[in-house]
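The numbering of the sequence shown is the working numbering, which starts it at 275 and goes up by one. We put the beta carbon where it would ideally sit given N, CA and C, even for glycine. Treat the numbers as computed from the prediction; the structure is a model and nothing was measured. Quick notes on the structure that follows.
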Amino acid sequence: MTDTTSTDFQDIPRLLPNGQLTNFPPSDRWDDWDEYDAKAWPEKVKRNYRLVPTTCFNCESACGLLAYIDKDSGEIKKFEGNPAHPASRGRNCAKGPATINQVNDPERILYPLKRVGERGSGQWERVSWEDALDDISGRIRTAIKEDRHDEIMYHVGRPGEDGFVDRILKAWGIDGHNSHTNICSAGARTGFAAWMGYDRPSADFANAKFILLLSAQLESGHYFNPHAQRIMEAKLAGTKICTLDPRLSNAAAMSDTWLSTWPGTEPAMFLAIASFLLETDQIDRSFVRRWTNWQDTMAGRHPDRPQTFEEFLEVLKEEYASYTFEWAAEECGISSDHLAQVAQQVADAGSRFASHTWRSAGSGNLGGWQAARNLWFLHVLTGSVGTKGGIQPNAWSKFTPKHWNTPPAHNRWNELLWPKEYPFSHHELSFLLPYFLKEGRGKLDVYFTRVYNPIWTNPDGFSWMEVLTDEEKVGLHVALTPTWSETAWYADYVLPMGVAAERHDTHSYETHSGQWLGFRQPVLRVAGEREGKTYHRTYDANPGEVWEENEFWWDLTWKIDPDGSMGIRKWVESSERPGEVVSVDEYYGWMFDNSVPGLPEKAKEEDLTPLGFMRKYGAFEISKTNYEVMEQPVVHDEVREGIAYSRGKPVGVDVEGDIVEGFTTPSRKLEWWSQTFDEWGWKDESIPTYIKTHVYWRDMDLAGNERILLPTFRLPTLIHTRSGNAKYLYEISHGHPLWVNPSDADSFGIGTGDMVRIKTQTGHFVMRAWRTEGIRPGVVAASHHMGRWRLADTTGNERWASALVDINEGEPGQWTMRQKKGIEPFESSDPDSERIWWRDAGVNQNLAFGVHPDPVSGMHAWHQRVRIEPAQQGDQYGDIFVDTNKSFEVYKEWLAMTKPGPGPDGTRRPHWLARPNKPTPDAYLYPGR
Ligand code: SF4
275 MTDTTSTDFQ
285 DIPRLLPNGQ
295 LTNFPPSDRW
305 DDWDEYDAKA
315 WPEKVKRNYR
325 LVPTTCFNCE
335 SACGLLAYID
345 KDSGEIKKFE
355 GNPAHPASRG
365 RNCAKGPATI
375 NQVNDPERIL
385 YPLKRVGERG
395 SGQWERVSWE
405 DALDDISGRI
415 RTAIKEDRHD
425 EIMYHVGRPG
435 EDGFVDRILK
445 AWGIDGHNSH
455 TNICSAGART
465 GFAAWMGYDR
475 PSADFANAKF
485 ILLLSAQLES
495 GHYFNPHAQR
505 IMEAKLAGTK
515 ICTLDPRLSN
525 AAAMSDTWLS
535 TWPGTEPAMF
545 LAIASFLLET
555 DQIDRSFVRR
565 WTNWQDTMAG
575 RHPDRPQTFE
585 EFLEVLKEEY
595 ASYTFEWAAE
605 ECGISSDHLA
615 QVAQQVADAG
625 SRFASHTWRS
635 AGSGNLGGWQ
645 AARNLWFLHV
655 LTGSVGTKGG
665 IQPNAWSKFT
675 PKHWNTPPAH
685 NRWNELLWPK
695 EYPFSHHELS
705 FLLPYFLKEG
715 RGKLDVYFTR
725 VYNPIWTNPD
735 GFSWMEVLTD
745 EEKVGLHVAL
755 TPTWSETAWY
765 ADYVLPMGVA
775 AERHDTHSYE
785 THSGQWLGFR
795 QPVLRVAGER
805 EGKTYHRTYD
815 ANPGEVWEEN
825 EFWWDLTWKI
835 DPDGSMGIRK
845 WVESSERPGE
855 VVSVDEYYGW
865 MFDNSVPGLP
875 EKAKEEDLTP
885 LGFMRKYGAF
895 EISKTNYEVM
905 EQPVVHDEVR
915 EGIAYSRGKP
925 VGVDVEGDIV
935 EGFTTPSRKL
945 EWWSQTFDEW
955 GWKDESIPTY
965 IKTHVYWRDM
975 DLAGNERILL
985 PTFRLPTLIH
995 TRSGNAKYLY
1005 EISHGHPLWV
1015 NPSDADSFGI
1025 GTGDMVRIKT
1035 QTGHFVMRAW
1045 RTEGIRPGVV
1055 AASHHMGRWR
1065 LADTTGNERW
1075 ASALVDINEG
1085 EPGQWTMRQK
1095 KGIEPFESSD
1105 PDSERIWWRD
1115 AGVNQNLAFG
1125 VHPDPVSGMH
1135 AWHQRVRIEP
1145 AQQGDQYGDI
1155 FVDTNKSFEV
1165 YKEWLAMTKP
1175 GPGPDGTRRP
1185 HWLARPNKPT
1195 PDAYLYPGR
């Protein structure tokens, strides 16, 4: 095989044995690549392309893409995988190449729009970027000058570059970062953080001997394409896979064992395995002795018992003795033989045991955060933490570059984001914002939604609609979005942001044991610059006036403080050109020159600058493996009570005489017992335990028509709001029936295709049923990826994805939605829009869900207790009814479960727990403490 490339493309074969074909165009020809036009067949029409790498924007995997830009027309013709990307290695799922649909979507928002009628009336006028920036910056300037900092809020759906907007918010001096995490992953994060401080796992699937998935990782989920590649590599090498899921997912179907557990019982199963490992002494004693906080546990929790490691093991055995296979099998609704088999596979895999969970049980259940915690317990016992084929903290694989000219932390605390009731919430209480505003806890003067669609995505969207149409509660709503959304309809400004090929940012994720950095870039701008063109701003190169956020935030920041007198402007002022805003080349040039290990040297080998290298390849591999980082010696200047410090900051721990890095918990060890949880009032929950879910199967009226609804699974080819503008993806996926086991369907008297009314705590919705053995009896499920709507025929949402609906409020808080028509062909500049053959836009379930904030993690517990019945006379497909007065009562019920701060030290939140846009330590103190 001849190597025709000038960079290392890992192990992917590029030439077939006959030497004639190449899987990927060799990188030294990316500026001049000939290919025959497939659409011109049978004619042989040669096209000459420039290939520019970028990063997919359609899920959090951040896979590499190569844009094929036709040199004659200057248009992007297609996207394929970028072979130089260390995580995706040239492979993508269907959503990656579908980026071409998003670029060419005939209904996309191409220019900044400003509302001209009532908010929500759907009347817009085109405005210039300059006018929009002047208006928005003026309001922000006034709010800051009047010390109304908490009235400015940035609310992110799909994140962009790590830390980028934090920089901006710090420059403004506000505590205004809000995220979607508490409707996504705060449960799992809390469970992982309790053990190790770090809030995410990173599995080394490719080298594992046994893989236990509490996720649908072969079809969806975080990093699913990079993960799926490596899981399948392991499978081909003989690795066994077990998947826990009440539903027969694609991942379950490809596994050796599928365990269809009752929702919310998964933590019990993990504790039964833990008990088995302890009782049969199939644990890695030296790892447990070295890396758990057993001394602190014995001193703090069992001061009267012998303070020995053997006694600690006795404590563990006693704690979990009642978690037998027989008990857990009955609790989970599975066979005890299967459970015993999986437990032995965990034991046999030892240090090469890998697992994954992220949303799943952690985001479905009250107390779901213990699912991740109990799963991690198995890794602690088997010593598979940080090992080859095991699992490790995400931070060891995720690379976070430094940013140019970073402002210091602010000293504020915004209680609309971090309320006193949730001191352990693993991110902002984002989905409670409408209730906080209704309760008068505050108001918003400028509210940015960034690639975020809370009306459609969050539970109880009608309550969002109520506050977003109330200008007393939300003064100015600015929607930064690449596509129309149900929430953008209620904005004052709709500002078009670029998709994967139209913006700059960097990314790094824990896709495997190894570190990499990816670079997203506006490919037409990059191609134009290679041809000698110059651009003032990225919107000069993108379609219409679609912009990128980096330049948007820099220009907005500059306009807030145009003369620099507020001390804000300096954070976006060019060092190279004083008096001007920093440029993308200066910003990323600094980052790649100064903070990416090995990149300058690698670039030099090819006679490129570091920025030139990233523009050419779109990604850089920093390291191939990262095992046992906790054992790395650390530079320190003192050791106090076993913790090593450098300049007053904890950096390591004394482990059996070695001063090494450890983890980021207070003890810098793996904490089986969390003293923090204990001291803040969560004594029972301070160790890995089993918390009964709010959808506990024994509490349900299963003899009647009550069932557990799983509303959280993804369709592999759709991705929340962002795939609405991708015709290929909707042609593949355009239905989401309610999965119902035939035994349940018989008891309800329904067949496949029959309409059913699904009653929740706050209302009901009507959809169609699908009888399938792929779901356990007692549980029903529908994907959350459909049910898009629009309120006007030709605008407000993409017509190949949305239904035209009527929304009405009868009595206050009594909301109905009815579909006027489903998806139909329409005329546009894309002839495919007249060929649409699918009709079903789906049904939004989330509108009819009350909020279920877990009192510890703050995570919305998505699973629902529902009653299923055949549709009633007059019901139509897609009908939705919601009473937001009841929604408010549900909010109050869950709020009553909390244990508000302050903590024992008078703080609002344990300082060691991560939080975005972290303020200075003094902001953690309650006023007057
Ligand atoms: S997994 Fe698919 S959607 Fe996600 S980044 Fe990769 S190609 Fe894009």
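Roughly how many angstroms separate the alpha carbons of Asp277 and Asn499, rounded to a whole number?
Reliability of the predicted coordinates at Asp277 is poor, the pLDDT of 36 falling under 50, and the value obtained from them is presented with this limitation in mind. If I take the Cα positions, the gap works out to 26 angstroms.
Endpoints, beta strand (DSSP E) assigned at Tyr597
No beta strand (DSSP E) contains Tyr597, which DSSP labels as neither H nor E.
Whether Ala372 touches Ala1170 by CB criterion (8 angstroms)
no
Measure the beta-carbon distance from Tyr901 to Asn668 and round it to whole angstroms, keeping in mind my assumption that it falls under 8 angstroms.
Rounded, the Cβ-Cβ distance is 14 angstroms, inconsistent with contact.
Going by alpha carbons, who is nearest to Leu690 out of Val390, Ala683, Leu992, Tyr709?
Tyr709
Cβ of Tyr764 within 8 angstroms of Cβ of His454?
no
Could you tell me whether any non-hydrogen atom of the ligand SF4 is closer than 7 angstroms to the CB of Ser658?
no
Do you know whose CA, among Gly872, Leu649, Ala542, Ser857, lies nearest Asn679's CA?
Ser857
Decide if Gln619 is buried, meaning its Cβ has at least 16 other Cβ atoms within 10 Å, or exposed.
By the 10 Å Cβ count, Gln619 comes out buried.
Could you give the first and the last residue of the continuous alpha helix (DSSP H) run that contains Lys1160?
1158-1169
Count the other C-beta atoms from every protein chain shown that fall within 10 angstroms of the C-beta of Phe283, then say buried if there are 16 or more, exposed otherwise.
Note on Phe283: pLDDT 47, under 50, position unreliable in the model; the coordinate value appears next. Phe283 should be labelled buried.
Proximity of Glu935 and Val913 at Cβ, strictly below 8 angstroms
no
For Phe894, the first and last residue of its enclosing beta strand (DSSP E)
893-897
Alpha-carbon to alpha-carbon, Asp928 and Thr281:
Note on Thr281: pLDDT 45, under 50, position unreliable in the model; the coordinate value appears next. Their Cα atoms are separated by approximately 42 angstroms.
Classify Glu980 as helix, strand or coil using the three-state DSSP reduction.
In this structure, Glu980 counts as strand in the three-state DSSP scheme.
If Asn375 and Tyr1002 are in contact, beta carbons under 8 angstroms, what's the gap, nearest whole angstrom?
Contact between Asn375 and Tyr1002 is confirmed by a C-beta separation of about 6 angstroms, below the 8 angstroms threshold.
Rounded to whole angstroms, what is the Cα-Cα separation between His786 and Ala361?
Each residue's Cα considered, the two are about 7 angstroms apart.
Should Cys337 be listed as close to the ligand SF4, given that the test is whether its C-beta is under 7 angstroms from any heavy atom?
Yes, Cβ of Cys337 sits closer than 7 angstroms to a heavy atom of the ligand SF4.
Counting only runs that start and end within the region 331-387, where is the beta strand (DSSP E) found for 3 or more residues in a row?
338-344, 350-355
CA-to-CA distance, Arg324 to Ile834, given in whole angstroms
39 angstroms
Tell me the start and end of each unbroken beta strand (DSSP E) in the region 384-445 that is at least 3 residues and wholly inside, in chain order.
387-389, 398-400, 426-430
For Met888, which residues of its own chain have a beta-carbon under 6 angstroms away from its beta-carbon, when the five flanking residues on both sides are left out?
Phe793, Phe866
Would the beta-carbon of Met1133 fall within 8 angstroms of that of Gly642?
Against a cut-off of 8 angstroms, the Cβ pair of Gly642 and Met1133 comes out as a contact.
Could you compute how far the alpha carbon of Ser699 sits from the alpha carbon of Gly714?
21 angstroms
Could you check where the beta strand (DSSP E) with Thr723 kicks off and where it finishes?
718-724
In this structure, what does DSSP give as the bridge partners for Gln1088?
Asp1157
Reference Glu905; option with closest CA among Trp532, Ile933, Gln1093, Gln1088:
Ile933
Which residues in the same chain have their Cβ closer than 6 angstroms to the Cβ of Glu435, if we skip the five residues on either side of it in sequence?
Asp779, Thr780
Beta-carbon gap between Leu387 and Glu819 smaller than 8 angstroms:
no
Please report the distance separating the alpha-carbon of Ala1043 from that of Val1140.
14 angstroms
Have a look at Thr723 and Gly1070 and give me their C-alpha separation to the nearest angstrom.
16 angstroms
Cα-Cα separation, Leu290 to Asn297:
Low per-residue confidence applies at Leu290: pLDDT is 43, beneath 50, and the placement is therefore not dependable enough to give any value.
Proximity winner among Ser759, Glu585, Arg1183, relative to Tyr1198 (alpha-carbon distances):
Arg1183
So is Tyr1200 buried or exposed if we call it buried at 16+ other beta carbons inside 10 Å?
exposed
Do you know whose CA, among Glu1163, Ser671, Lys717, Arg564, lies nearest Arg474's CA?
Ser671
Could you work out which residue in Gln1093, Ser529, Thr513, Arg564 is closest to Ser489 when comparing CA atoms only?
Ser529
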